[in-house]
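Read top to bottom, the protein sequences are chains H and B.
Residue 1 is where the first sequence starts when you use our numbering, and the numbers rise one by one after that.
Residue 1 is where the second sequence starts when you use our numbering, and the numbers rise one by one after that.
Inspection log for the structure reproduced underneath, given as structure tokens.
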Amino acid sequence: MSSQTRPVQDFAVPQIEFAGVSKKYQRLIIDNLDLTVAKGEFLSIIGPSGCGKSTVLKLISGLTPATSGNILVDGMTPRNARETMSFIFQDPTLLPWRTVRANAILGLELERMPKEKRETRVDSLLELVGLSHVSRAYPRELSGGMKMRLSIARALATGPRLLLMDEPFAALDEMTRDRMNEELLRLRDEQKWTVVFVTHSVAEAVFLSTRIVVLAPNPGRIHSDLPVNLPNPRTAELRATLEFEQAVTEFSRVLREARSA
Amino acid sequence: MRQRLLIFLNSLAVFAAFLLLWQLIIWLGHMPAYMLPSPWRVAQVIAEHFSALAESFEITAITATVGLIGSIFAGVAIALLFAQSRWIRRMLYPYTLLLQTVPIVAITPLILMWVGAGTGAVALITFIICLAPIIANTTQGLISVDENLVHLFLMHNATPSQILFKLRLRSAVPSLFVGIRISAGIAVIGAITGELFAGSSSVGRGGLGYSIIYASQQLQTDYLFALIVAAAVLGFAFYFIVAFLEWYFLHKWHESARSPEIE
Numbered sequence: 001m002s003s004q005t006r007p008v009q010d011f012a013v014p015q016i017e018f019a020g021v022s023k024k025y026q027r028l029i030i031d032n033l034d035l036t037v038a039k040g041e042f043l044s045i046i047g048p049s050g051c052g053k054s055t056v057l058k059l060i061s062g063l064t065p066a067t068s069g070n071i072l073v074d075g076m077t078p079r080n081a082r083e084t085m086s087f088i089f090q091d092p093t094l095l096p097w098r099t100v101r102a103n104a105i106l107g108l109e110l111e112r113m114p115k116e117k118r119e120t121r122v123d124s125l126l127e128l129v130g131l132s133h134v135s136r137a138y139p140r141e142l143s144g145g146m147k148m149r150l151s152i153a154r155a156l157a158t159g160p161r162l163l164l165m166d167e168p169f170a171a172l173d174e175m176t177r178d179r180m181n182e183e184l185l186r187l188r189d190e191q192k193w194t195v196v197f198v199t200h201s202v203a204e205a206v207f208l209s210t211r212i213v214v215l216a217p218n219p220g221r222i223h224s225d226l227p228v229n230l231p232n233p234r235t236a237e238l239r240a241t242l243e244f245e246q247a248v249t250e251f252s253r254v255l256r257e258a259r260s261a
Numbered sequence: 001m002r003q004r005l006l007i008f009l010n011s012l013a014v015f016a017a018f019l020l021l022w023q024l025i026i027w028l029g030h031m032p033a034y035m036l037p038s039p040w041r042v043a044q045v046i047a048e049h050f051s052a053l054a055e056s057f058e059i060t061a062i063t064a065t066v067g068l069i070g071s072i073f074a075g076v077a078i079a080l081l082f083a084q085s086r087w088i089r090r091m092l093y094p095y096t097l098l099l100q101t102v103p104i105v106a107i108t109p110l111i112l113m114w115v116g117a118g119t120g121a122v123a124l125i126t127f128i129i130c131l132a133p134i135i136a137n138t139t140q141g142l143i144s145v146d147e148n149l150v151h152l153f154l155m156h157n158a159t160p161s162q163i164l165f166k167l168r169l170r171s172a173v174p175s176l177f178v179g180i181r182i183s184a185g186i187a188v189i190g191a192i193t194g195e196l197f198a199g200s201s202s203v204g205r206g207g208l209g210y211s212i213i214y215a216s217q218q219l220q221t222d223y224l225f226a227l228i229v230a231a232a233v234l235g236f237a238f239y240f241i242v243a244f245l246e247w248y249f250l251h252k253w254h255e256s257a258r259s260p261e262i263e
């Protein structure tokens with residue numbers, strides 16, 4: 001579905017609302033979670049392994065139902081809100097038998113957008129993520145960073161208002177990861193999405209986010225929920241500043257606390 | 001390129017040594033021609049009876065192809081059923097094992113009884129022995145799709161048929177080819193074995209297996225050898241055609257796609 005046919009965004013409704021949400025598989029994964037994400041926020045979720053970070057994303061997307069409690073996304077149930085969001089996984093999850101171009105188009109094809117329309121859109125998308133020159137290549141010919149860019153292009157194709165990202169840059173080397181972070185912020189400034197970002201890296205979370213939620217493990221619950229008070233727009237130079245260092249140190253301390261909580 | 005030429009020359013040398021050994025056995029062992037004809041004699045028989053050989057070759061080739069292609073369609077259909085749930089797999093898998101473990105010669109008399117001798121029976125025998133590898137490999141391919149890819153499709157509200165055709169079937173193609181490669185090898189064996197028992201409904205004309213029985217009964221050992229050569233050629237042809245198709249469909253995107261040559 002194209003963005004024009006969607007209802008006008010109502011800024012009074014929060015993007016995501018969790019009220020008393022619990023999730024149980026064999027054991028309790030998420031315990032009584034209350035969380036509100038406003039439109040336009042860049043929220044990172046960090047926490048020790050086993051705190052249910054990824055489960056939170058799966059709950060928002062409706063890929064797994066909550067055991068109890070209530071979840072609203074854009075005022076709708078997660079499953080009904082799916083066309084307003086895109087999920088970016090840790091692996092690029094590309095279809096290896098499709099070219100770069102055909103991969104970028106996948107979401108539009110599944111949502112049955114007319115062919116001419118999606119062909120014109122994919123050109124500008126590949127341009128946006130800098131993959132125009134390899135549009136006829138196959139995924140196995142791409143580097144790790146290019147694969148991730150393609151995965152992002154595919155996620156952006158359907159015009160989402162909410163991006164869910166599950167450690168998307170974890171497999172990349174540090175330099176590529178930093179560059180991807182900067183590109184992500186640049187795109188977000190243009191497109192104004194709400195982002196929920198799960199990561200292992202405190203520095204990455206601090207660099208990207210307007211707000212960081214730290215989860216404590218066994219069962220997953222909120223340990224702390226703090227804004228990131230750093231100037232915008234965030235550029236590569238920010239990483240070398242003292243205030244950035246201090247913020248990273250502070251959040252690392254909170255993370256250690258959460259681990260032993 | 002130069003290395004390939006060297007490999008080719010080496011295998012040619014092996015072939016020459018094989019022919020020489022063959023000829024030496026005849027000379028030193030004083031073998032009569034009805035026991036072991038000379039390589040030269042076999043070559044002569046191939047030339048003399050080329051049209052009869054070609055006819056048998058064609059019959060066997062077509063029968064094996066029909067059986068194999070039938071097993072591919074049926075095998076994929078059954079695999080699609082198996083991929084639906086673990087329950088179905090647990091319930092039905094023992095029977096595909098049965099398909100593989102019961103010797104085909106043991107059920108051949110039944111098939112003869114039911115459908116009568118002829119190419120139909122032979123194609124059916126080929127079909128039966130080709131089926132299990134196709135089912136097993138395709139099922140494996142269908143169920144081992146990356147879970148996140150399924151999630152990706154669900155996030156775009158994909159219908160079950162979109163997930164089946166655009167994701168599961170497509171990603172099972174390399175596994176399907178593993179099955180086809182195994183089945184293509186046994187298809188030729190199956191067709192010839194079938195023909196030994198059920199080769200022809202008209203006397204004197206039939207596939208390679210039927211002609212092998214006929215030639216051995218007539219003590220035409222030289223023609224028997226010519227038929228063995230034809231069977232070997234047919235086996236090679238099947239192998240190379242499947243290897244080529246696999247390369248053609250997979251080489252652009254799949255790491256394991258092999259080039260159509262023997263490594």
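Each residue gets a CB set at the ideal place from its N, CA and C atoms; glycine is no exception.
Just so you know, these numbers come straight off a predicted model, no measurement behind them.
Rounded to whole angstroms, Gly190 of chain B and Gly118 of chain B show a C-alpha spacing of 14 angstroms. Looking from the CA of Thr194 of chain H, the closest CA among H:Lys24, H:Gly20, H:Thr36, H:Ser124 belongs to H:Thr36. Burial of Val73 of chain H is indicated by the presence of at least 16 other C-beta atoms within 10 angstroms of its C-beta.
Chain-order list of chain B residues neighbouring Ser143 of chain H: empty, with the shortest C-beta distance near 16 angstroms, by a criterion of under 8 angstroms. Linking His223 of chain H to Ala155 of chain H through their CA atoms gives a straight-line distance of about 30 angstroms. At a cut-off of 7 angstroms between beta-carbon atoms, His251 of chain B makes no contact with chain H.
Under the 10 Å beta carbon count, Asn181 of chain H is surrounded by 16 or more other beta carbons and is classified as buried. In terms of CA proximity to Gly52 of chain H, H:Val21 leads the group H:Glu41, H:Val21, H:Arg179. With respect to the 7 angstroms criterion, Phe169 of chain H and Val206 of chain H are not classified as neighbours on the basis of their beta carbons.
Leu149, His151, Leu152, Phe153, Leu154, Met155, His156, Asn157, Ala158, Gln162, Lys166, Leu167, Arg170, Ser171, Val173: these are the residues of the segment 149 to 174 of chain B whose beta carbon lies less than 8 angstroms from some beta carbon of chain H, given in chain order. For Glu17 of chain H, the uninterrupted beta strand (DSSP E) run begins and ends at 16 to 24, by DSSP.
For Trp97 of chain H, the nearest beta carbon of chain B is closer than 7 angstroms to its own beta carbon. Look at Ala13 of chain B here: in three-state DSSP terms it is helix. Between Leu131 of chain B and Ile111 of chain B, the CB-CB gap reaches or exceeds 7 angstroms. Scanning its chain for C-beta atoms nearer than 7 angstroms, with the 5 sequence neighbours on each side dropped, one finds around Lys192 of chain H the residues Gly40, in chain order. Counting along the chain, the unbroken beta strand (DSSP E) around Thr194 of chain H starts and ends at 194 to 198. A Cβ-Cβ contact shorter than 7 angstroms links Val178 of chain B with Asn137 of chain B. If only uninterrupted beta strand (DSSP E) runs of at least 3 residues are considered, those enclosed by the segment 184 to 239 of chain H are 194 to 198, 211 to 216, 221 to 227. Judged by DSSP in its simplified three-state form, Ile228 of chain B adopts helix. Relative to the Cα of Ser175 of chain B, the nearest Cα in the group B:Val122, B:Leu19, B:Gly75, B:Ile26 belongs to B:Gly75. For Ile192 of chain B, the secondary structure class from DSSP, reduced to helix, strand or coil, is helix. Each residue's CA atom was taken as its position, placing Val115 of chain B and Phe127 of chain B some 14 angstroms apart. Between the C-alpha atoms of Glu55 of chain B and Ala230 of chain B there is a straight-line separation of about 11 angstroms. The Cβ-Cβ distance between Lys23 of chain H and Ile16 of chain H does not fall below 7 angstroms.
Contact note: Leu215 of chain H does not reach chain B at a C-beta cutoff of 9 angstroms; the least C-beta distance is about 21 angstroms. Annotated three-state conformation of Leu95 of chain H is coil, per DSSP. Residue state for Asp123 of chain H is assigned as helix, using DSSP reduced to three classes.
Chain-order list of chain B residues neighbouring Glu111 of chain H: His156, Asn157, by C-beta distance under 8 angstroms. Listed in chain order, the non-local C-beta contacts of Ile78 of chain B below 7 angstroms within the same chain comprise Ile135, local neighbours out to five positions each way being set aside.
Only Lys58, Ser61, Gly62, Leu63 from the segment 44 to 76 of chain H bring a Cβ to less than 9 angstroms from some Cβ of chain B. Contact between the segment 82 to 93 of chain H and the segment 147 to 161 of chain H is established, with three or more Cβ pairs separated by less than 8 angstroms. Within chain H, the residues placing a beta-carbon under 9 angstroms from that of Glu255 of chain B are Pro96, Arg140, ordered along the chain. Take the alpha-carbon of Glu58 of chain B and the one of Leu234 of chain B: they are about 9 angstroms apart.
Secondary structure of Met76 of chain H (DSSP, three-state): strand.
Taking the Cβ atoms as the reference, Arg82 of chain H lies roughly 6 angstroms from Asn157 of chain B, within the contact range of under 8 angstroms. Beyond the five residues adjoining it in sequence on each side, Ile72 of chain B comes within less than 7 angstroms, by CB distance, of Ile134, Ile180 in the same chain, given in chain order.
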